[in-house]
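A.B. asks: Sharing a structure here in structure tokens format.
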Amino acid sequence: MEDQEPEVNVSRDLEDLSEKTAEFVIRSVMDLLKRQERVSVALSGGATPIKLYQRLAIRSIQQGIPWNRVHLFWGDERCVPPDDPDSNYRMGYSTLISQVPIPKKNVYRMPGEKGPEAAAEEYEKTLRAFFGASEEWPRFDLALLGVGADGHAASLFPGSPALKEQKRWVVAPYVEKLKVHRLTLTPPVFNHAALVLFLISGREKAPIVRALLSSVPLQIFFPAQMIRPVQGRRLFFLDPSAASLLDRGGRG
Ligand code: 6PG
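The sequence shown begins at 411 in my numbering and counts up by one.
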């Protein structure tokens, strides 16, 4: 069970949301680097983080983030080559990675082009090499997540067998509604992160946000509700539309 109350930040609009989230990420990374050698961040895909990554690139240069001590991963990926328009890596590369002096070896791409199962197995090996093969679960310093209007997070979709995974760190479920396989970190991996940051924009996500921040159990269950860090923080950075069904206290 989550041990801390979720923290909710509502911005003026998507620009403000991206700016405020970029500032928060930079501050968090700088704080962490005062007490540890490196920082691990799992990036989200989708469209919402595009502006965030662009701001992050600009602000991180201005504020002197030592990118050689930052390690970037992905929370999920499509089973496509890195130059495919659908690739989450491609989006992260064009908006952030190509704009900052991060060493190539610090960027851990999910090899979507290798086919679902082979890619999942290879990425799990990559994570175990970084976090320690003897660890039961990796502990990301920061995991960025978006949510879909159906309540998915990363590529954890409603009804997916991945929702029940309790051993593997990376799986490649078939997503019925999309008729494709996806690569995704599993719920326990996200729930062992030190900080999970949901970045959510748009009115169509408001019912999901309300469910995620509801203090009472709801009948409908969304996969994103499974993401509750066991010893970590769950933060929400929302635009007004996504927050439109919350009460004044920022609760569902
Ligand atoms: C992906 C993402 C996915 C995304 C949500 C929200 O690979 O598409 O990881 O989980 O975060 O679908 O997407 P938007 O930000 O485009 O609404």
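Heads up, the beta-carbon is just placed ideally off N, CA and C, and yes, glycines get one too. Source: prediction; values computed, not measured.
Could you give the distance in angstroms between the alpha-carbon of G456 and the alpha-carbon of A634?
C.D. replies: C-alpha separation (whole angstroms): 15 angstroms.
A.B. asks: At which residues does the beta strand (DSSP E) containing I610 begin and terminate?
C.D. replies: Note, I610: beta strand (DSSP E), 605 to 610.
A.B. asks: Opposite F646 in the DSSP bridges: which residues?
C.D. replies: Answer is V418, F608, bridged to F646.
A.B. asks: Rounded to the nearest angstrom, how far is the Cβ of A432 from that of L595, given a contact under 8 angstroms?
C.D. replies: About 23 angstroms; that fails the 8 angstroms criterion.
A.B. asks: Taking all protein chains shown into account, do 16 or more other C-beta atoms lie within 10 angstroms of the C-beta of K587, making it buried, or fewer, making it exposed?
C.D. replies: Looking at its Cβ environment, which holds fewer than 16 other Cβ atoms inside 10 Å, K587 is exposed.
A.B. asks: Any heavy atom of ligand 1 closer than 6 angstroms to the beta-carbon of T458?
C.D. replies: For ligand 1, at least one heavy atom lies less than 6 angstroms from the Cβ of T458.
A.B. asks: Using 8 angstroms as the threshold, is the stretch 561 to 570 in touch with the stretch 502 to 516, meaning 3 or more CB pairs across them?
C.D. replies: In short, these stretches do not touch, since the Cβ pair count stays below three.
A.B. asks: Please confirm whether any heavy atom of ligand 1 lies closer than 6 angstroms to the CB of S404.
C.D. replies: In the structure as shown, the chain begins at 411 and stops at 662. Residue 404 is therefore absent and cannot be evaluated.
A.B. asks: DSSP has D486 in a bridge; who is on the other side?
C.D. replies: Answer is T594.
A.B. asks: Using only the alpha-carbon positions, how far apart do R620 and L443 sit?
C.D. replies: If I take the Cα positions, the gap works out to 34 angstroms.
A.B. asks: Within the stretch 459 to 522, note down every full beta strand (DSSP E) run reaching 3 residues or more, in order along the chain.
C.D. replies: 480 to 484, 486 to 488, all fully within the stretch 459 to 522.
A.B. asks: I need the straight-line Cα distance from V480 to L462, nearest angstrom please.
C.D. replies: Computed Cα separation, rounded: 17 angstroms.
A.B. asks: When you compare each of V449, A530, A603 to R488 by their alpha carbons, which one comes out closest?
C.D. replies: Ranking V449, A530, A603 by Cα distance to R488 puts A530 first.
A.B. asks: Restricting to Cα atoms, I'd like to know which of E575, D426, P617, P459 is closest to L554.
C.D. replies: Ranking E575, D426, P617, P459 by Cα distance to L554 puts P459 first.
A.B. asks: In chain order, what residues of the same chain lie with their CB nearer than 8 angstroms to the CB of V436, ignoring the 5 residues before and after it?
C.D. replies: Residue identity check: residue 436 is Ile in the sequence provided, not Val. Around I436: L466, R469, S470, Q473, I475.
A.B. asks: Measuring from the CB of G662, is there a heavy atom of ligand 1 at a distance below 6 angstroms?
C.D. replies: Incorrect: G662 has no Cβ contact closer than 6 angstroms to ligand 1.
A.B. asks: Taking the continuous alpha helix (DSSP H) assigned at L554, which residues delimit it?
C.D. replies: Where L554 is concerned, there is no enclosing alpha helix (DSSP H), although the beta strand (DSSP E) it sits in stretches over 552 to 555.
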